[in-house]
Amino acid sequence: MSRTVHARRTKHKEKAVRKPKFQADLAPVDDSAVRALNDALQLTSNSDFLSEAVALFQWAVSERKLGHRIVSESVSGEKKILVLPRLERVAPGTTLPHVKIDWTEAELESLAQLSSSEPEKPTPALLRAMKG
């Protein structure tokens, strides 16, 4: 087989391989967020955005699998720990953070009464707000 024919066949095979397509139906607020992030990161396409997002999630998953916490630290030293329930599923034997609330007897009684009573009917203002 001549070199030219082999090169054409190889080139033809390369063209036949297609990249997978990805399409998403986003709420308007999410679409705006993606556009703003694309601008802020100077990305030229949604494909570039998705590649960056996948890389970030792959890193986050690998860190949580190792038991590492993902922390943001301000200049003043204030730290915030990233907690995403789906990301926490891959963490080895860790429990989700929790908050201890010291309830007074009166607060517990009020909570019990609220949770066992019939819910209030929505106000006309709330109904109008829900209709948009």
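Start counting at 1 in the sequence shown, then tack on 919, and there's your number in the numbering used here.
Where is the CB? At the ideal position from N, CA and C, for every residue including glycine.
Computed from a predicted structure; not experimentally measured.
- Each of Asp1021, Pro1011, Asp967 was checked against the Cα of Glu982, and the nearest Cα belongs to Pro1011.
- DSSP places Ser1036 in no alpha helix (DSSP H); its state is neither H nor E.
- In this structure the region 970 to 977 does not touch the region 990 to 1003; the number of beta carbon pairs closer than 8 Å is below three.
- Look at Glu997 here: in three-state DSSP terms it is coil, with no helix or strand label.
- A distance below 8 Å separates the beta carbons of Leu969 and Phe941.
- Remark: C-beta atoms of Lys984 and Val1009 approach each other more closely than 8 Å.
- Within the model, the alpha-carbon separation for Ala979 versus Glu971 is close to 12 Å.
- Within the same chain, and ignoring the five residues on either side of Lys999 in sequence, the residues whose Cβ sits closer than 6 Å to its Cβ are Ser991.
- Leu945 and Val953 do touch by the CB rule: their CB atoms are close to 7 Å apart, below 8 Å.
- In this model, Ser966 and Glu1037 are separated by some 50 Å (Cα to Cα).
- Our two residues, Leu956 and Asp949, have alpha carbons roughly 10 Å apart in a direct line.
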